[in-house]
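Chemist: If you scroll down you'll find the structure; I have some questions about it.
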Amino acid sequence: MAFIVKKKISGKEYYYLQKSIREGDKVKSKVVAYLGKDLQEAEKKAEQIKMQESPKQIEKKQETINEPTEITIEELANFCKRKGFIYPSGEIYGGLGGFWDFGHLGSELVNNLKKAWHNYHIQQRDDIVAIDGSIITNPKVWEASGHVSGFVDIAVECKKCHHKSKVDKHELDTAKCDKCGSEYENKGEFNPMFTTQIGPIKEDSTKAYLRPETAQLIFTNFKLVQENARLQLPFGIAQIGKAFRNEISPREFLFRTREFDQMEIEYFIEPNQPCPYVDEIKDTHILILDENSQKENKPAILMDLYEAYKKKIIKTDWHAYWIAKEFEWFTKLGANPNNFRARQHTSKEKSHYAIDTWDLEYNFPMGWRELQGFANRGDFDLKQHQEHSKTSMEITTPEGKKILPHVVCEPSLGVGRALIVFLLESYHFNKEKNTTILKLNPKLSPVKAAVFPIIKKPEYEDMAKEILKDLRTEFNCNYDKSGSIGRRYARNDEIGTPYCITIDENSPKNQDITIRDRNTEKQIRIKTKDLKNTLRKLINQEIQFEEAGKVI
Ligand code: GAP
């Protein structure tokens, strides 16, 4: 709770904003801002501060007392290479711009990220099913979708520093070099789809494309999926998979690459069908930057997404709903809500298929950038495929009406960008100890637990190995018997292992072990037989660490 307090200093009155903050069992009051000498001004300022910090955000801030250490995107890339997460692709030959290889920890992290996305968007819902389409498909798909003719950028090169980039057609006259601010030279139109040929003999072969988005396979399979899964509107079809774009200037680590994974949902409704879930998003506050504010150079304002819909800043309830759900996905996995904002595309930047588009943007080290797109594609795609394939895409409603569904929202997220967010949010460098801790949500951590026998004797090592064997049937675990215990903790902290299990001098006798929590360094002692179940509950965040056993 925040309130204004008046203080008298040397006979003069000053106003401050004070907050009640819970610390353990106690509630303490802290001054959080100076509001000036005038009460009316103070009230205005207090309102502004409260607007910027919704109750949810204040709560979140208290949880994240330990803010992550700020690093550049290059430092993050170096860290990922050093620790075995991500390497430049084919580095022994000098790498290849826009392509990255994932090491053991990186591929585990990516798998966990995709699993978390699948669980939240598909497993936990009645209305979304998944597909897995092929990377190369009939090239007519890309003609129908408009990608062959409409997915075109202008290649540009800076007249001064020769930095290469791409711009949309409408930006050509105004765009300035992102490196040095000088003018660009137009190098001509460019379609970022990678081409390939199908068939071994060049003359007989067919030109085909590597898909530039996963979405189109959802549209081409739409009728089959709808009928097989017996789906009724509103419903969604989701897909996780590779996409390829021949980016002119791949850069900023995984932010802009030529090969990347997308996690996309096409959400279909009957035209104008209301969102039955919109009440769920009440009290979800996020910074909002609509088209008008951008035109008038105004800053983003913190708003309740439901209110933004009611005020028609966000035009449809579905758009507001999906922005809220995606924002929630990130924050539930530990991201700081203050680092996100929703920005509406200006009419000039919208894609060829979109009626209205919003981006969930993230405050990356290089500034606010698109993390995830939310386009309202209307009936553009189904109509195009219906016309080009001469196959009806209409479905029959329970009332017997034949309709062509509309994609009211397409939440589309790149795995690489999501990965950067979670790595930045969890990276902590302790200057005094010169150690790194990756405070990843345990669900995302590549290794869930590390098992250490403290004493180098068969009795302890055998017990540790037996525990390890049992845990490994369910979790990815490390075994480490070398070096000091501090060193073993440090090795696991820096790759994000949330729990370290030690078999100490009392373990064989008492059949118990200790678990150490990465974030707090607290330890509990529990019986070996309870370990697997406890670990599962801790990873799924069903219990607090202190409740899981006897704190020692
Ligand atoms: N189906 C819609 C679509 O593909 P998009 O805005 O071009 O829309 C969606 O891409 C998301 O895919 C982006 O928000 C971003 O997260 C990711 N993405 C797009 N291009 C990318 C690239 N070159 N490198 C990494 N991620 C990319």
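Under my numbering, the sequence shown has 128 at position 145, and the numbering climbs by one with no breaks. Glycine included, each C-beta is placed from N, C-alpha and C at the ideal position. If you're wondering where the values come from, they're calculated on a predicted model, not measured in any experiment.
Does the distance between the C-beta of glutamate 230 and the nearest non-hydrogen atom of the ligand GAP fall short of 7 Å?
Modeler: It does: the Cβ of glutamate 230 is within 7 Å (strictly closer) of some heavy atom of the ligand GAP.
Chemist: Measuring CB to CB, does alanine 596 end up less than 8 Å from threonine 267?
Modeler: Because residue 596 is not part of the residues shown, which for the chain are -16 to 535, the question remains open.
Chemist: Short of 7 Å in beta carbon distance, which residues of its chain neighbour leucine 423, apart from the five on each side in sequence? Order them along the chain.
Modeler: Taken in chain order, the residues that qualify are Phe405, Ser409, Gly479.
Chemist: Taking 8 Å as the cut-off, decide whether the C-beta atoms of leucine 421 and glutamate 477 are in contact.
Modeler: Cβ distance < 8 Å, so leucine 421 and glutamate 477 count as in contact.
Chemist: With contact counted as at least three CB pairs below 8 Å, one residue from each stretch, are the region 107 to 115 and the region 146 to 159 in contact?
Modeler: No: fewer than three Cβ pairs fall under 8 Å.
Chemist: Can at least three beta-carbon pairs, one atom from the region 164 to 178 and one from the region 219 to 231, be found at a separation below 8 Å?
Modeler: A contact exists between the region 164 to 178 and the region 219 to 231.
Chemist: Round the Cβ separation of lysine 431 and leucine 518 to the nearest angstrom and send it over; I've been treating them as touching at under 8 Å.
Modeler: That pair is a contact at about 7 Å.
Chemist: Mind listing, in chain order, the continuous beta strand (DSSP E) runs of no fewer than 3 residues lying wholly within the region 400 to 455?
Modeler: If we require 3 residues or more, the beta strand (DSSP E) runs fully inside the region 400 to 455 come out as 410 to 413, 418 to 421, 432 to 436.
Chemist: Starting from the N-terminal side, write out each stretch of the beta strand (DSSP E) that is 3 residues or longer and does not extend beyond the region 206 to 243.
Modeler: Listed in chain order, they are 218 to 227.
Chemist: In angstroms, rounded to a whole number, what distance separates the CA positions of glutamate 344 and glutamate 140?
Modeler: Cα-Cα distance, rounded: 27 Å.
Chemist: If contact is defined by three or more beta carbon pairs under 8 Å, each pair taking one atom from either stretch, is the region 263 to 281 in contact with the region 320 to 331?
Modeler: With the cut-off at 8 Å, the region 320 to 331 and the region 263 to 281 touch.
Chemist: Touch check for the region 80 to 100 and the region 60 to 67: three-plus C-beta pairs under 8 Å?
Modeler: Yes, since at least three Cβ pairs between the region 80 to 100 and the region 60 to 67 fall closer than 8 Å, the two stretches touch.
Chemist: Could you check if threonine 240 is buried or exposed, using at least 16 other CB atoms within 10 Å of its CB as the buried criterion?
Modeler: Its Cβ being crowded by 16 or more others within 10 Å, threonine 240 is buried.
Chemist: Rounded to whole angstroms, how far is the Cβ of leucine 451 from the Cβ of tyrosine 462, which I believe are closer than 8 Å?
Modeler: Confirmed, about 5 Å.
Chemist: Would you check whether the ligand GAP has a heavy atom nearer than 7 Å to the C-beta of glutamine 245?
Modeler: Under cutoff, so the answer is yes.
Chemist: On the CB-based measure, 16 or more other CB atoms within 10 Å of its CB, does glycine 80 come out buried or exposed?
Modeler: So glycine 80 ends up on the exposed side.
Chemist: Could you tell me the boundaries of the beta strand (DSSP E) in which arginine 474 lies?
Modeler: Here arginine 474 belongs to no beta strand (DSSP E); instead the alpha helix (DSSP H) covers 468 to 476.
Chemist: Name, in chain order, the residues that DSSP records as bridge partners for asparagine 169.
Modeler: Val139.
Chemist: Rounded to the nearest angstrom, how far is the Cβ of proline 425 from that of isoleucine 522, given a contact under 8 Å?
Modeler: Right, the Cβ-Cβ distance comes to about 4 Å (below 8 Å), so this counts as a contact.
Chemist: On the DSSP letters alone, give me the boundaries of the alpha helix (DSSP H) that arginine 324 sits inside.
Modeler: No alpha helix (DSSP H) holds arginine 324; the beta strand (DSSP E) holding it covers 323 to 327.
Chemist: Residues bridged to asparagine 359 by DSSP?
Modeler: For asparagine 359, which the question treats as bridged, DSSP gives the partners Asp339.
Chemist: Starting from the C-beta of proline 381, find all residues in its chain whose C-beta is less than 8 Å away, skip the five residues before and the five after it, and write them out in chain order.
Modeler: Same-chain partners within the cutoff: Gln215.
Chemist: Measure the Cβ-Cβ separation of leucine 365 and phenylalanine 202 and say whether it is below 8 Å.
Modeler: Cβ atoms of leucine 365 and phenylalanine 202: closer than 8 Å.
Chemist: Rounded to whole angstroms, what's the CA-CA distance from lysine 170 to glycine 466? Just pull it up for me.
Modeler: If you take the alpha carbons of lysine 170 and glycine 466, they lie about 57 Å apart.
Chemist: Distance check for glutamine 23 and phenylalanine 251, CA to CA, integer angstroms please.
Modeler: Their Cα atoms are separated by approximately 49 Å.
Chemist: Within 10 angstroms of the Cβ of phenylalanine 85, are there 16 or more other Cβ atoms? Answer buried if so, exposed if not.
Modeler: Buried, since its Cβ has 16 or more Cβ neighbours within 10 Å.
Chemist: Which class does leucine 521 belong to by DSSP, given the choice of helix, strand or coil?
Modeler: Reduced to three states, the DSSP call for leucine 521 is helix.
Chemist: Once you ignore the five residues that flank phenylalanine 363 on each side, which residues in its own chain have a CB closer than 7 Å to its CB?
Modeler: Answer for phenylalanine 363: Tyr336, listed in chain order.
Chemist: Whole beta strand (DSSP E) runs in the region 58 to 126 with 3 or more residues, listed along the chain?
Modeler: Taking only runs of at least 3 residues, the beta strand (DSSP E) segments lying wholly in the region 58 to 126 are 69 to 71, 83 to 85, 111 to 114.
Chemist: What separation, rounded to the nearest whole angstrom, lies between the Cα atoms of tyrosine -1 and arginine 474?
Modeler: Each residue's alpha carbon lies about 45 Å from the other.
Chemist: Under the three-state reduction of DSSP, which class applies to tyrosine 462: helix, strand or coil?
Modeler: In the structure shown, tyrosine 462 sits in a strand (DSSP, three-state: E or B).
Chemist: Check for me: the alpha helix (DSSP H) holding glutamate 274 runs from which residue to which?
Modeler: Looking at the DSSP string, the run of the alpha helix (DSSP H) that includes glutamate 274 is 274 to 278.
Chemist: Tell me whether the beta-carbon of arginine 508 lies closer than 8 Å to the beta-carbon of isoleucine 484.
Modeler: No, the pair does not count as a contact, with Cβ atoms beyond the cut-off.
Chemist: Quick one: grab the DSSP three-state call for serine 148.
Modeler: In the structure shown, serine 148 sits in a strand (DSSP, three-state: E or B).
Chemist: Using the C-alpha atoms, what's the distance from tyrosine 292 back to threonine 503?
Modeler: When rounded, the distance between both Cα atoms is 40 Å.
Chemist: Any heavy atom of the ligand GAP inside 7 Å of the beta-carbon of glutamine 527?
Modeler: No, Cβ of glutamine 527 sits at least 7 Å from all heavy atoms of the ligand GAP.
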